[in-house]
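Q:
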Amino acid sequence: YAGEVLRKLHERGHYIIIWTCRSGKNLLDAINWLLEHNIPFDRVNDHCPENIKRYGKGSGKIYANIYI
Numbered sequence: 187y188a189g190e191v192l193r194k195l196h197e198r199g200h201y202i203i204i205w206t207c208r209s210g211k212n213l214l215d216a217i218n219w220l221l222e223h224n225i226p227f228d229r230v231n232d233h234c235p236e237n238i239k240r241y242g243k244g245s246g247k248i249y250a251n252i253y254i
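Residues 187 to 254 in the numbering used here are what the sequence shown spells out, letter by letter.
1) Is the separation between the beta-carbon of ILE248 and that of GLY189 shorter than 8 Å?
2) Have a look at the DSSP bridge pairing and note the partners of VAL230.
3) Within the same chain, show all residues whose beta-carbon is closer than 8 Å to that of ASN237, passing over the 5 residues directly before and after it, in chain order.
4) So, at 6 Å on beta carbons, what are the nonlocal neighbours of ARG229 in its own chain, with the 5 sequence-adjacent residues on each side left out?
5) For HIS233, count neighbouring C-beta atoms within 10 Å of its own C-beta (all shown protein chains included) and say buried if the count is 16 or more, exposed if not.
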């Protein structure tokens, strides 16, 4: 169900950031899984460009209006 919600949010213009503790092969496996299941995302473990321009890239916490 989460994939369906993410697809609808993305279709409506929301910026999707995948924020995970995974790294290395585990991160690549997660990204590939998302791609194989047609789950959209714009960034992984990084801020959206608009927020980087506005605030810089100093914080490790990814800013979001909603966390799922």
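Each residue gets a CB set at the ideal place from its N, CA and C atoms; glycine is no exception.
A: In short, the structure shows the following:
1) Translated into positions along the sequence shown, residue 248 becomes position 62. Translated into positions along the sequence shown, residue 189 becomes position 3. No.
2) Position 44 of the sequence shown, counted from the first residue, corresponds to residue 230. Bridge partners of VAL230: ILE204.
3) Position 51 of the sequence shown, counted from the first residue, corresponds to residue 237. Result list for ASN237: TYR249, in chain order.
4) Mapped onto the sequence shown, residue 229 falls at position 43. Hits under 6 Å: ILE203.
5) Position 47 of the sequence shown, counting from 1, holds the residue named residue 233. Buried is the call here.
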